[in-house]
Amino acid sequence: MKRELPDLEGMRILVMDDDVAIQRSLGRALRGLGAEVGCAGSLREAGLKLESDRYDVVLADLKLRDGEGLELLPLFQKHHPQGCFYLITGHGSVDNAVTALKHGVRDYLQKPVDPIDLASRLSRDMAARHGSVLKNRLDPYLLFQDPVMSEALADLPRFAALDEPVLIRGETGTGKELVAMAVHRISPRATGPFVAVNCGAIPESMLESELFGHEKGAFTGATKMHRGRFEQASGGTLFLDEIGEMPLQFQVRLLRVLEDGEIQRLGSEQRVRIDVRIVAATHRDLNEDVEAGIFRRDLFYRLDVLPVQLPPLRERKGDILLLAGHFLRRTFEEMGRDSGLPTFAGEAEELLYRYSWPGNIRELRNTMTRLAVRIPDNMQEISAEFLQKLLPSPGSFQDGKGGDFIPVPADATLAEAQEILIDAALKRSGFNRKLAAAMLGLGERTLRRKLNEK
């Protein structure tokens, strides 16, 4: 069977070996898989390369002519803290391997090294290292562990370091404002203000005053000068939530501000310089809105410089239990409950996984809040039956593969609708009657009786 070749595109690798033949063979193989490879035959040469160039990976021979490859690990960790350091040797021992791993070596490999196996290991290890670093960086602000979410947020630290607009897209309730706040908090503007405004919640007649401010007497009721959101966010980040709801005629005003870096308060002839970073968000398909003529193409291109697409909760199932436990624990703390936090029974966990969460994280948070309020002090485990009472009808449950919902025809009789829903619940529960009953909001005995009636 032909082995699948790993992709090392963009990975920078330093091969340290005093055997030129090994340098050439490893270098040729890794370059063929997309990596950029540098070679060094001594500690001195390798040290100069590590200080002058960026490397993601070092493959170091344990024994070099002027020392041991392990001696360069501190230098590599200093200049490339997110990289992976490997020792390769033909004289391996358990003691050497243990010592190397204790010092922070990623792995200890013995010659001869198969280039494809090595490349697969590098690809896997670097992906894991990148995910861990990303999670540690964002952990204070965002809670996730699912690889789908990790991939969606992979570019966030690099985006945060820039000053260009970020456009966050995702369904309602996916946490767009939390991501916007994370961008702000890990950016050079973190010490400045974070100002959020919902473009869809402000009446069109008040939008100009709200964003750009107004002078005293600019309109009836303007009893004093008001600094708009752009000025309030000076030196920091302005979050324009639901940018797709902004009226078309106002979009040209926003575009001009983004291009000129100046605003003009309502009722004033003076222009005010602004220093803000824009992060915008929408649940709409702005590409479709542009084609439909309800969102300006030039504004879209101005905002869509650094795009982030957030997955819905149903596509990041690995985060559901993590988030559910977090929200449940937080509500217990807010209520001052010191009784132990109950765990979810296995079937309750399945119920959480199978529900489609159309309201995404916001719906999960609200559900856990309601659940916390209803949990008795003596409950140690949350059953599927108890949880089901807080979830909508079975029409919002998915099969184990995240498939489509099974609709009930509008002209179906009550008996027909009942049969359709029971069949769907049984299939989606793997014919586990207890779980199917919980999904349907029925007792197990009631479901058994209805099945016997069929």
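Numbering (the working numbering), first residue to last: 3 to 456.
Glycine included, C-beta positions come from ideal geometry on N, C-alpha and C.
Taking 8 Å as the cut-off, the Cβ atoms of residue 156 and residue 170 do not count as close.
Beyond the five residues adjoining it in sequence on each side, residue 195 comes within less than 8 Å, by CB distance, of 234, 235, 236, 237, 238 and 239 in the same chain, given in chain order.
Going by DSSP, residue 62 is part of the beta strand (DSSP E) stretching over 59–63. Around the beta carbon of residue 340, a 10 Å sphere encloses fewer than 16 other beta carbons of the protein chains shown; the residue is thus reported as exposed.
In the DSSP assignment, residue 287 falls outside any alpha helix (DSSP H) and carries neither an H nor an E. Contact between residue 285 and residue 166 fails: their C-beta atoms lie close to 22 Å from each other, not under 8 Å. Of the residues 128, 50 and 43, the one whose Cα lies closest to the Cα of residue 83 is 128. Taken through DSSP and simplified to helix, strand or coil, residue 18 comes out as strand. As the crow flies, the alpha-carbon of residue 24 is around 55 Å from that of residue 243. When DSSP states are grouped into helix, strand and coil, residue 228 belongs to the strand group. Taking 8 Å as the upper bound for CB-CB distance, residue 255 and residue 191 are not in contact here, some 24 Å apart. Fully enclosed beta strand (DSSP E) runs of no fewer than 3 residues occupy 279–284 and 308–311 of the region 248–320, in order along the chain. Looking at 36, 67 and 219, the one whose alpha-carbon comes closest to that of residue 122 is 36.
Bridge pairing for residue 42: 18 [DSSP]. The continuous stretches of alpha helix (DSSP H) do not include residue 164, and DSSP gives it neither H nor E.
Ranking 276, 379 and 359 by CA distance to the CA of residue 393 puts 359 first. For residue 197, the uninterrupted beta strand (DSSP E) segment begins and ends at 196–200. Closest option to residue 159, judged by alpha-carbon separation, among 449, 186, 276 and 198: 186. If you draw a straight line from the Cα of residue 205 to the Cα of residue 39, it comes to about 58 Å. A check of alpha carbon separations from residue 89 across 390, 334, 63 and 50 identifies 63 as the nearest. Our two residues, residue 146 and residue 355, have alpha carbons roughly 15 Å apart in a direct line. Taking every protein chain shown into account, the CB of residue 65 has fewer than 16 other CB atoms within 10 angstroms, so this residue is exposed. Ranked by how close their Cα comes to the Cα of residue 258, the residues 218, 290 and 300 have 300 in first place.
A check of alpha carbon separations from residue 20 across 41, 417 and 149 identifies 41 as the nearest. The continuous beta strand (DSSP E) containing residue 90 extends over residues 86–91. A residue is called buried when at least 16 other Cβ atoms come within 10 angstroms of its Cβ; residue 379 does not meet this threshold and is exposed.
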